[in-house]
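If you read the sequences in order, they're chains A and B.
Each residue of the first sequence is one higher than the last, beginning at 2 in my numbering.
Each residue of the second sequence is one higher than the last, beginning at 2 in my numbering.
Think of the CB as a built atom: it goes at the ideal place given N, C-alpha and C, for glycine as much as any other residue.
Here is the structure we will look at, set down as structure tokens.
2 protein chains.
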Amino acid sequence: MTHKIWKNINLLTMDNSENPYGYIDDAAIVVLGSAIEWVGAKKDLPEFPTAQVIDCSGAYMTPGLIDCHTHLVYGGNRIDEFEKRLNGASYEEIAKAGGGILSTVNATRQATEEELVASASKRLKNLLTEGVTTIEIKSGYGLDIENELKMLRAARKIGRMHNVDVVTSFLGAHALPPEYAVNREDYVDLIIEHMLPAVAAEGLAQAVDGFCENIGFTCGEIEKIFIAARKLGFDVKLHAEQLSDQKGAALAAKYGALSVDHLEYLSEESILAMKKSGTVAVLLPGAYYTLRETKLPPIELLRKHNIPIAIATDSNPGSSPVLSLKLMINMASTLFQLTPEEALSGVTRNAALALGLTDRGILARGKKADMVLWDINHPAELSYQVGGSQCLAVIKNGEVN
Amino acid sequence: MTHKIWKNINLLTMDNSENPYGYIDDAAIVVLGSAIEWVGAKKDLPEFPTAQVIDCSGAYMTPGLIDCHTHLVYGGNRIDEFEKRLNGASYEEIAKAGGGILSTVNATRQATEEELVASASKRLKNLLTEGVTTIEIKSGYGLDIENELKMLRAARKIGRMHNVDVVTSFLGAHALPPEYAVNREDYVDLIIEHMLPAVAAEGLAQAVDGFCENIGFTCGEIEKIFIAARKLGFDVKLHAEQLSDQKGAALAAKYGALSVDHLEYLSEESILAMKKSGTVAVLLPGAYYTLRETKLPPIELLRKHNIPIAIATDSNPGSSPVLSLKLMINMASTLFQLTPEEALSGVTRNAALALGLTDRGILARGKKADMVLWDINHPAELSYQVGGSQCLAVIKNGEVN
């Protein structure tokens, strides 16, 4: 293997021990294979006599972007429903016509694994060309053993097919399937007794997720699922406090959750619980935007208690049909008033934390050589610009994509 | 010249005499040179024996997109100010540090015409790859004769350099230049007596625009400018009712304005005036979004009185650093609740009206062959998707870009 030296870079290491953005002027970064071997100012670069040198002409470089919360795999779409709603149809009328999340469940159940792989791959390409090198994908539209496993297998296959690392989460507790409408306890039992062991046996998910909400699952139901999940060695995470304060974040923290996600209605009490457990706050501005939400997540309290904040697309067909993580950087700054540095940390360093990944998210010795080169003149330009392309090159595992 | 037949198309003609989107199933469109010669269902296609046939494999086709309100030409940027504001600096502190619109005026005055062309061209490319075939560009950061003319010449040059039609508007009445802070009447006189005749003499603008607002120009000042502009044969248009109801839209309508733009605070009385004059309402969701505005433009009243609604990026370094007209289609539906058909009409048919162009904006016999092919399965998908690429090909003047 030959060393590769990327030089003449404005480097944003996101390694926050130092200055803002972990910025290094006129930097170099040395890669061997898929790992970073050296990072620093070019003037301090040791000799690597046989190295291949790549001149970046002063471009900015960041860690590869990490989209830590997506529902990228699903069947069908909700375009027709989107149009009907804008033409005046009520949510009731749409539900009666078979719309809403259950329409996605039906379409996902009807799709083959190959069809799910194909449709999600097409969506994924949009994210990859903008610098995403790691993506989390959840199940949750199958809602029975066969179809939840099918979704997770599709997600894994997407990771093998494309130059991206896929981290999977099992989200059986996403919605109540219609066949369990009158016996919800049985569905929770099905998750615990059959789905979780099957997912574990096939090694199909790193984490177990749930939707804790009036229209989702109660804290009591989620707790049963978390207990079973932890016994099987899964990490846990939770959709919490999106539409109301269910105290889901505190519950998740109790079980050492990697992250709690959405959080518009999060209380300071729950934040204190998250602080103890080291749980990341994942904010999803695309859903906030699409749902025209006006209740902001408690950014100031998260800052006050030093909770790491991550940002993701929440890419899904209903509440966040988003195919740009870069746009979420802008929305995090515009809608949530995160500083550009916070927003960029949210899709790099803190997104890695939200997935329990310690080998990426910052540019430092020993970390994965996942890097993005940007056509910008100031780090805040990634937050400032609304739409448009800024990505010059994506480097995944040391190789240009 | 050979005829070109584009066939196997899901055609959205936006010619609203017919069904929604002016949709034609399994359509063909025949182009000779830069004009459309025939449009219809393939089964009705006359014979063109020597024609070149292009199979579109069932892709959707729309008219070329028209961005009818931009400030694409400017010097410098406002990224630093954007970051400072998010780090807690007040507007006052930023103004004292030389920020705000006057920082753009300074940077624009200092830039050469070539520098303005280069920076705007880079921004323009983002719009072109997403299907924009006609763009309006305003002056308004020069605020003296020399620099206003320089901006307009740069805009014209951009039109010659790229495969896009550039329509220019003279916006001398954008802000009061610092050197006239204490004698604003003299600046209005300068516009009327020197700038307008100079712009007219060089043929540098189709329309004269202004910013009618507490922090801009009064209705009285705008009226003087409009009277002079009309005498010189210019069309007029106006930034109106963005931050307060100045009755600017009614004033603009009195002078037969092509469009009034922004309109969050527009009253029904002004809408009635616009109806009489056939003035287009140009809505700018990117500015609404960036400024975190909560006052919505009066969509229902505009519908009630059948006012044509156009949508544009308002691309500018301060209140709308937007480089995606496609994202504005989504924002128009998401933030303003326009139907997908209204949103698409807003960047095609009605955007052409807002620029006084009768030769484009719909796909019909005799119109310009400006067309876009889309990788979508439903017309509403253009509104539904947030970010990501959907454009397969852009055809400008009959040729693939």
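Contacting residues, own chain, Cβ-Cβ under 7 Å from residue i (five flanking each side not counted)
i              : result
residue 192(B) : 173, 174, 226
residue 256(A) : 227, 231, 237
residue 285(B) : 70, 262, 263, 313, 315, 321
residue 21(B)  : 342
Whether residue i touches residue j by CB criterion (7 Å)
i              : j              : result
residue 164(A) : residue 110(A) : no
residue 146(B) : residue 196(B) : yes
residue 283(A) : residue 268(A) : no
residue 236(A) : residue 357(A) : yes
residue 176(B) : residue 95(B)  : no
residue 156(B) : residue 114(B) : no
residue 62(A)  : residue 10(A)  : yes
residue 324(A) : residue 124(A) : yes
residue 60(A)  : residue 84(B)  : no
residue 390(A) : residue 330(A) : no
residue 143(A) : residue 152(A) : yes
residue 340(B) : residue 302(A) : no
residue 108(A) : residue 77(A)  : yes
residue 137(A) : residue 168(A) : yes
residue 29(B)  : residue 8(B)   : yes
residue 249(B) : residue 258(B) : no
residue 40(A)  : residue 4(A)   : no
Element boundaries [alpha helix (DSSP H), containing residue i]
i              : result
residue 470(A) : With chain A covering 2 to 402 only, the question about residue 470(A) has no answer from this structure.
residue 260(B) : Here residue 260(B) belongs to no alpha helix (DSSP H); instead the beta strand (DSSP E) covers 260 to 263.
residue 96(B)  : 92 to 97
residue 248(A) : Element bounds for residue 248(A): n/a, residue is neither H nor E.
residue 286(A) : 286 to 291
residue 24(B)  : Unbroken run through residue 24(B) is the beta strand (DSSP E), 24 to 33; no alpha helix (DSSP H).
residue 198(A) : 197 to 202
residue 190(B) : 185 to 191
Residue i versus residue j: straight-line alpha-carbon distance, rounded
i              : j              : result
residue 336(A) : residue 295(B) : 12 Å
residue 355(A) : residue 311(A) : 7 Å
residue 106(B) : residue 327(A) : 29 Å
residue 178(B) : residue 207(B) : 23 Å
residue 229(B) : residue 213(B) : 16 Å
residue 70(A)  : residue 322(A) : 13 Å
residue 104(A) : residue 50(A)  : 60 Å
residue 253(B) : residue 393(A) : 44 Å
residue 373(A) : residue 398(A) : 11 Å
residue 117(A) : residue 203(A) : 19 Å
residue 400(B) : residue 359(B) : 20 Å
residue 377(A) : residue 402(A) : 20 Å
residue 347(A) : residue 198(B) : 53 Å
residue 224(B) : residue 333(A) : 41 Å
Delimiting residues of the beta strand (DSSP E) encompassing residue i
i              : result
residue 111(A) : Segment 102 to 111 is the alpha helix (DSSP H) holding residue 111(A); no beta strand (DSSP E) there.
residue 171(B) : 166 to 174
residue 213(A) : Unbroken run through residue 213(A): none, as it is neither H nor E.
residue 277(A) : It is not in any beta strand (DSSP E) - residue 277(A) instead sits in the alpha helix (DSSP H) that spans 269 to 278.
residue 372(A) : 372 to 375
residue 238(B) : 236 to 241
residue 9(A)   : 4 to 13
Status (buried if at least 16 other CB within 10 Å, exposed otherwise) for residue i
i              : result
residue 17(A)  : exposed
residue 92(B)  : exposed
residue 2(A)   : exposed
residue 366(B) : exposed
residue 293(B) : exposed
residue 216(A) : exposed
residue 54(B)  : exposed
residue 68(B)  : buried
residue 200(B) : buried
residue 371(A) : buried
residue 318(A) : buried
Cross-chain neighbours of residue i in chain D, by beta carbon under 9 Å
i              : result
residue 346(A) : Included in the structure are the protein chains A and B, with no chain D among them.
Proximal residues to residue i (C-beta, below 6 Å), its chain only, five neighbours per side dropped
i              : result
residue 309(A) : 281, 351, 354
residue 387(A) : 331
residue 298(B) : 264, 265, 284
residue 349(A) : 15, 64, 362
residue 135(A) : 67, 166
residue 100(A) : 82
residue 74(B)  : 117, 121, 138, 152, 155, 156
The ligand ZN heavy atom lying under 6 Å from the CB of residue i
i             : result
residue 53(A) : Annotation note on the ligand ZN: not contained in the displayed structure, which lists no ligands.
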